[in-house]
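Enquirer:
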Amino acid sequence: MKPRQPFQTFGFGNGANSSRRQVKAWEMRRSFQTSANPGRGFLLRKDLMPVTALKCKECGETYGLEAIYVCEHCFGPLEVAYDHSRLGDPAELKRKIQAGPPSIWRYSDFLPFEQRPKTALEVGMTPLVRSERLAERLGVGEVFVKNDAANPTHSFKDRVVKIALAKARELGYGVVACASTGNLANAVAAHAAAAGLDSYVFVPADLEEQKILATGIYGTKLVAVRGNYDDVNRLCTELSAEHPWAFVNVNLRPYYSEGSKTLGYEVAEQLGFSLPDRVVCPVASGSLFTKIARGFSDWIELGLLEGELPVFNGAQAAGCSPVAQAFEAGYDIVRPVRPDTIAKSLAIGNPADGVFALDVARQTGGSVDSVTDEEIVDGIRLLAETTGIFTETAGGVTTAVLRKLAERGDIGPDERVVLYITGDGLKTLDAISHVVSTYEIEPALDSFAETVPVAAEEPVR
Amino acid sequence: MTVTVRIPAQLRSLTNGEGETEVEAGSVGDALEALFERYDGLRDRITENGELRRFVNVYAGGEDIRFGQGLATPLGDGDEITILPAVAGG
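Residue numbers (the numbering used here), protein chains in the order written: chain A, 1 to 461; chain B, 1 to 90.
#1: Do L275/A and L302/A have their beta-carbon atoms positioned less than 9 Å apart in this structure?
#2: Name the residues in the segment 340-360 of chain A whose C-beta lies less than 8 Å from a C-beta of chain B; which are they?
#3: Given a cut-off of 9 Å, decide if L402/A and G286/A are closer than it, judged by their beta-carbon atoms.
#4: So is G61/B in contact with chain A if we call contact Cβ pairs under 9 Å?
#5: If we ignore side chains and look at the alpha-carbon of each, how far apart do G412/A and E66/A end up?
#6: Could you name the residues of chain B that L77/A contacts, counting a contact when the two beta carbons are closer than 8 Å?
#7: Rounded to the nearest angstrom, what separates E375/A and V283/A at their Cα positions?
#8: Starting from F67/B, find everything on chain A with Cβ-Cβ shorter than 8 Å and list it in chain order.
#9: Is the beta carbon of Y218/A closer than 9 Å to that of A189/A?
#10: Do H84/A and C56/A come within 9 Å of each other at the CB atom, strictly closer than that value?
#11: When DSSP labels each residue in this structure, what does P74/B get in the three-state scheme?
#12: Would you decide whether A107/A is buried or exposed? Buried here means 16 or more other CB atoms lie within 10 Å of its CB.
#13: Hey, quick one: how far does the beta strand (DSSP E) through P204/A stretch, first residue to last?
#14: Considering just the uninterrupted stretch of the alpha helix (DSSP H) at R43/B, what are its terminal residues?
#15: Taking just the CA atoms, how far does Y420/A sit from L271/A?
#16: Any C-beta of chain B within less than 8 Å: which residues of the segment 306-321 of chain A qualify?
#17: Any C-beta of chain B sitting closer than 9 Å to the C-beta of R234/A?
#18: Decide if the segment 151-160 of chain A is in contact with the segment 220-235 of chain A; the criterion is three or more beta carbon pairs, one per stretch, under 8 Å apart.
#19: Are there 16 or more other CB atoms within 10 angstroms of the CB of R253/A, so buried, or fewer, so exposed?
#20: Just grab the DSSP bridge partners of K55/A for me.
#21: Using a Cβ-Cβ cutoff of 7 Å, what residues of the segment 239-265 of chain A are near chain B? List them in chain order.
#22: How many Å lie between W105/A and I65/B at the Cα?
#23: So, using beta-carbon positions, are A343/A and G396/A closer together than 9 Å?
#24: Measure the C-alpha to C-alpha separation of A86/B and V56/B and round it to an integer number of angstroms.
#25: According to DSSP, which residues form a beta bridge with Y59/B?
#26: Give me whichever residues DSSP pairs with F144/A in a beta bridge.
#27: Within a Cβ cutoff of 6 Å, which residues of the same chain sit near G295/A, ignoring the five residues on either side of it in sequence?
#28: Tell me, please, whether the segment 141-156 of chain A touches the segment 109-119 of chain A by the rule of three or more beta-carbon pairs shorter than 8 Å.
#29: Are the CB atoms of R278/A and F327/A nearer to each other than 9 Å?
#30: Anyone know if the C-beta pair for E80/B and V23/B falls short of 9 Å?
#31: Can you tell me where the beta strand (DSSP E) with N313/A in it begins and where it stops?
#32: Indicate the three-state DSSP secondary structure (helix, strand or coil) for T21/B in the structure shown.
#33: Verify whether the separation of the beta carbon atoms of L184/A and N251/A is less than 9 Å.
#34: Is the beta carbon of V469/A sitting closer than 9 Å to the one on P152/A?
#35: Below 7 Å on C-beta distance, what does T237/A contact in chain B?
#36: Note down, in chain order, all residues in the segment 59-83 of chain A with a beta-carbon under 9 Å from any beta-carbon belonging to chain B.
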């Protein structure tokens, strides 16, 4: 294992307090609610959620909680800031979390709302499965599979969309939209339908048929753009300036990305409020990878978890590995690439949070590795054969990187490893059609005997 | 050569609300320089020590200039440059 660099919190820099007008107006609203209106104010003060502002990850400038995503000064990304000082001691906080609903809303104190929203189609609390067979096959100590395909639209994107749509409603939007590599498209279309919001979903035109169909069925306006994801993303960034819509991963991105923290909280809670030693997680934009780290570091800071951040290993497809390439070369910038891989849900050539993903990997003594399309398919098979979990190509990437780390000897014998599986195999069936075969026979005993190999007889149990 | 520069919403407070403008330039770097001269304060928003800030993307004809020759990417008459925040998507 590589030596750790000194731990730093991510995006929690002590930037100067802002005197920006919008923050002041917003703070006045807050103080009006709590003091100028004493009767109602007392209740609101008691219920006040810890969210405080948007804050630039680059320069620390703060803004009000609006539909903005870029710092006007340095173009840095905005991130939600919280004041957790009134949450009580760790034991009390643990009880509060455990008494919460069986969904991501049990972590409401760490999500960007001033009041808990009312929503349909709940998400989260997906299984964390310990797999002895996978650990044995890889020759490592302990492997847990976080099966986040077990969400309503079969990927982790339900988490981020749930947060973004609730925020869109809170901010008064009637139309939501997104740029997607597929899974986000599914989730936005479904949750918009459930919430009664109009939606526009933009995807690359060459997306897998399963993802196109599983998006269109919800009645969204599905726009297939002739270009790759980065082209779609650029178009949506431009469109967001032209239309008063809530683009979940553009102008609502600071809120949207907070949903990924719940994949850190949930795993920690499922491990009995303890940390794994290592996580392996896919890297597309780098947001999920970064936010899982943020989730763990939030809880370490609050005393809910003891120890230091796990080693973070990022997983990319060799056909789209801008972050892995930067890691390998020792760069702290990420040069864009043109994607060419079967792992389309990870095919972001110009990743917005690539530099932050690099920071997380380096600060935790981890890495960002890449695997070939052939290894991806082998990864899908390995996971299916050892755990019974069928994942899409992104999960094949993650599993293949876990195998690579194991073969390289990076993983210690006593380590507890968490493998993040972010999407369902039924979404990318074409990727594995060439490795699955059937025995076709007549409905007759001799046809079966001639065609199908039969293993040596085993005693009846 | 006359080229069109498209300005992101985040910078329009510095361009009197203009979303696009035309400049005379032979390269992306020249076009940005012409823009900086026209509008006060723009330079510091999108560059730092003479380089583009790390969360600014610039496209020439829809193509990220990092796939071309960066700021030296040549322009033809009627070409379009787009400046956008880099933190979207994913």
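The C-beta atom is built at its ideal place from N, Cα and C for all residues, glycine as well.
Expert: This is what the structure holds:
#1: Result no, Cβ atoms of L302/A and L275/A do not sit closer than 9 Å.
#2: Sequence-ordered contacts of the segment 340-360 of chain A with chain B read I348, N350, P351, A352, D353, V355 [C-beta pairs closer than 8 Å].
#3: No, Cβ-Cβ distance for G286/A and L402/A is not below 9 Å.
#4: Between G61/B and chain A, the shortest Cβ-Cβ separation is not below 9 Å.
#5: Between the alpha carbons of G412/A and E66/A lies a distance of about 45 Å.
#6: Going by the sequence as given, residue 77/A is Pro instead of Leu. The contacting residues are F55, V87.
#7: Counting only the Cα atoms, V283/A lies some 16 Å from E375/A.
#8: Among the residues of chain A, those whose CB is under 8 Å from the CB of F67/B are P336, R338, following chain order.
#9: Contact: yes.
#10: Taking a C-beta distance under 9 Å as the contact criterion, C56/A and H84/A do not qualify as a contact pair.
#11: P74/B sits in a strand when the DSSP states are folded into three classes.
#12: Residue identity check: residue 107/A is Tyr in the sequence provided, not Ala. Y107/A should be labelled buried.
#13: It spans 198-204 - the beta strand (DSSP E) in which P204/A sits, taken as one unbroken run.
#14: From DSSP, the alpha helix (DSSP H) with R43/B extends over 42-46.
#15: Taking the straight line from one Cα to the other gives about 14 Å.
#16: Listed by position, the residues of the segment 306-321 of chain A near chain B (Cβ gap below 8 Å) amount to none.
#17: Interface criterion met: the Cβ of R234/A is under 9 Å from a Cβ in chain B.
#18: The segment 151-160 of chain A is not in contact with the segment 220-235 of chain A.
#19: So R253/A ends up on the buried side.
#20: Partner(s): T62/A, E79/A.
#21: Within the segment 239-265 of chain A, the qualifying residues are A241, N249, V250, R253.
#22: Approximately 42 Å, taken between the alpha carbons.
#23: Yes.
#24: Note on geometry: alpha-carbon atoms of A86/B and V56/B lie some 5 Å from one another.
#25: BP columns for Y59/B point to D64/B, T82/B.
#26: Bridge partners of F144/A: R130/A, V418/A.
#27: Within the same chain, G295/A has close Cβ partners K261, G264, Y265.
#28: Judged by Cβ distances under 8 Å, the segment 141-156 of chain A makes no contact with the segment 109-119 of chain A, as fewer than three pairs qualify.
#29: Between R278/A and F327/A, the gap from beta carbon to beta carbon reaches 9 Å or more.
#30: Between E80/B and V23/B, the gap from beta carbon to beta carbon reaches 9 Å or more.
#31: Per DSSP, N313/A belongs to the beta strand (DSSP E) from 311-317.
#32: Residue state, collapsed to three classes: strand.
#33: L184/A is not a Cβ neighbour of N251/A, given a cutoff of 9 Å.
#34: Outside the displayed span of chain A (1 to 461) sits residue 469/A, for which this structure offers no information.
#35: Below the 7 Å Cβ cutoff, chain B contributes L84, P85, A88 as neighbours of T237/A, in chain order.
#36: Residues I68, Y69, V70, C71, E72, H73, C74, F75, G76, P77, L78.
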